[in-house]
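Undergrad: Okay, handing you the structure first.
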Amino acid sequence: DAGITQSPRYKITETGRQVTLMCHQTWSHSYMFWYRQDLGHGLRLIYYSAAADITDKGEVPDGYVVSRSKTENFPLTLESATRSQTSVYFCASSVSGETLYFGPGTRLTVT
Amino acid sequence: GNSVTQMEGPVTLSEEAFLTINCTYTATGYPSLFWYVQYPGEGLQLLLKATKADDKGSNKGFEATYRKETTSFHLEKGSVQVSDSAVYFCALSGPGGNTDKLIFGTGTRLQVFP
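Dropping the structure here:
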């Protein structure tokens, strides 16, 4: 199916574990983004990518790693998960960086 | 740097009431302005946008006008429905009109009761 998908949709992990959230889009959009959504903070940008092999930090990048070897995929890795990384994570893609198309989100709980 | 301020929620209305959700911004240059909506359990989706001063964005009965003199982009709807219950986010393009990334407000929850 066309669109933007995220997996898993729900994840529970323990403090200190590595976890990877996947994002896949079928539109060949140049831009991809990772946001986290927390009560009282709205959406905060973690990392973004303007094209394959080009990534840049957003507002809250610490503790996260991204890669973009293919245009359609933009995985987000938490190298050593902490409780403060419990959140809902949204991936988005865009042609120009203005109109964003969001995935359904991944709810991550770190215990 | 650029920033967006939205009114605190939740906003609670009866069906067919008039809606206003306030949004003001601080920006360098001439950013584009956006409203995104998030329905329960879903990701955000673009509701409307305006790219220059005095532009009016509209969609699904919602409207917002880009007011440079008051640095505002308030969202309005004349008659809300229960199905409009959602979280609404105001956003603007990055510093100096940089469109590489958007800056979002904290969101305003709207609850509409029959």
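Top line first, the protein sequences correspond to chains A and B.
Numbering-wise (my numbering), the first sequence opens with residue 1190 and increments by one.
Numbering-wise (my numbering), the second sequence opens with residue 335 and increments by one.
Beta carbons: idealized from backbone N, C-alpha and C, even for Gly.
All values derive from a computational prediction rather than experimental measurement.
1) Grab me the residues of VAL345 (chain B)'s own chain with a C-beta within less than 8 Å of its C-beta, minus the 5 sequence neighbours each way, in chain order.
2) By DSSP's criteria, ARG401 (chain B) is part of a beta bridge. Which residues make up the other side?
3) Output, in sequence order along the chain, the residues in the region 1226-1244 of chain A whose CB is closer than 7 Å to any CB in chain B.
4) When you compare the CB positions of GLU1248 (chain A) and ARG1272 (chain A), do they come within less than 7 Å of one another, or not?
5) Can you tell which of A:LEU1228, A:HIS1230, A:GLY1229 and A:PHE1263 has its C-alpha closest to the C-alpha of ASP1245 (chain A)?
6) Quick one: what's LYS1246 (chain A) bridged to in DSSP?
7) Please confirm if GLU1261 (chain A) has its CB atom under 7 Å from at least one CB of chain B.
8) Name the chain B residues that come within less than 8 Å of LEU1289 (chain A), Cβ to Cβ?
9) Note down, in chain order, each residue of its chain lying with its Cβ closer than 8 Å to the Cβ of LYS383 (chain B), except the 5 sequence neighbours on either side.
10) Report yes if the C-beta distance between CYS424 (chain B) and GLY439 (chain B) is below 7 Å; otherwise report no.
11) Give the DSSP bridge partners of PHE368 (chain B), in chain order.
12) Look up ARG1296 (chain A) in the DSSP assignment and say whether it is helix, strand or coil.
TA: Checking against the coordinates, here is how it stands:
1) LEU353, ILE355, THR442, ARG443, LEU444 and GLN445
2) B:SER406
3) GLY1229, HIS1230, GLY1231, LEU1232, LEU1234, TYR1237 and ALA1239
4) no
5) A:PHE1263
6) A:TYR1236
7) no
8) TYR370, LEU378, LEU380 and LEU436
9) SER366, LEU367, PHE368, TRP369 and GLY391
10) yes
11) B:LYS383 and B:ALA425
12) strand
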